[in-house]
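In what follows, a single structure is set out as structure tokens and then discussed.
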Amino acid sequence: MKLDGTPAALVDELLADGVDVLLIASTHALQVGRLPPLHRDPFDRLLIAQALVEGLTIVSADPRVLAYNVRKIDARK
């Protein structure tokens, strides 16, 4: 997928569409440390931790992300 425009323009469009920004909180960082070592990517681990803390759903096609005990949607289907 190719994105047209600048990152700032994309953020502006997302905010205009009502997308909420989820900031990184200390509770998210602490949850990262409690995750089992199923995946080494720090950004993915942070997303998983945020989903767990905030009660959100992860949408992913990455089997390593989907291996976590988190509410998820398998994007491979």
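Counting from 142, one number per residue, gives the positions in the sequence shown under this note's numbering. Even for Gly, the Cβ is constructed at its ideal location relative to N, Cα and C. Only a predicted model underlies this, so the values are computations on that prediction, with no experimental measurement involved.
Next item on the list: Answer with buried or exposed for VAL211, where buried requires no fewer than 16 other C-beta atoms within 10 angstroms of its C-beta.
Entry: As a first step, residue 211 is located in the sequence shown; it is residue number 70 there, counting from the start. Label assigned to VAL211: buried.
Margin query: In whole angstroms, give me the CA-to-CA distance for ASP215 and THR198.
Written below: By one-based count along the sequence shown, residue 215 stands at place 74. By one-based count along the sequence shown, residue 198 stands at place 57. Distance between the alpha carbons of ASP215 and THR198 is about 10 Å.
Item checked: Bridge partners - ASP215, DSSP secondary structure assignment -> Here residue 215 corresponds to residue number 74 of the sequence shown, with the count starting at 1. For ASP215, which the question treats as bridged, DSSP gives the partners SER201.
Notebook entry, point to check: Do you know offhand how far GLY174's Cα is from ALA190's?
Noted result: For this step, residue 174 is matched to residue 33 along the sequence shown. For this step, residue 190 is matched to residue 49 along the sequence shown. The straight-line gap from Cα to Cα measures roughly 9 Å.
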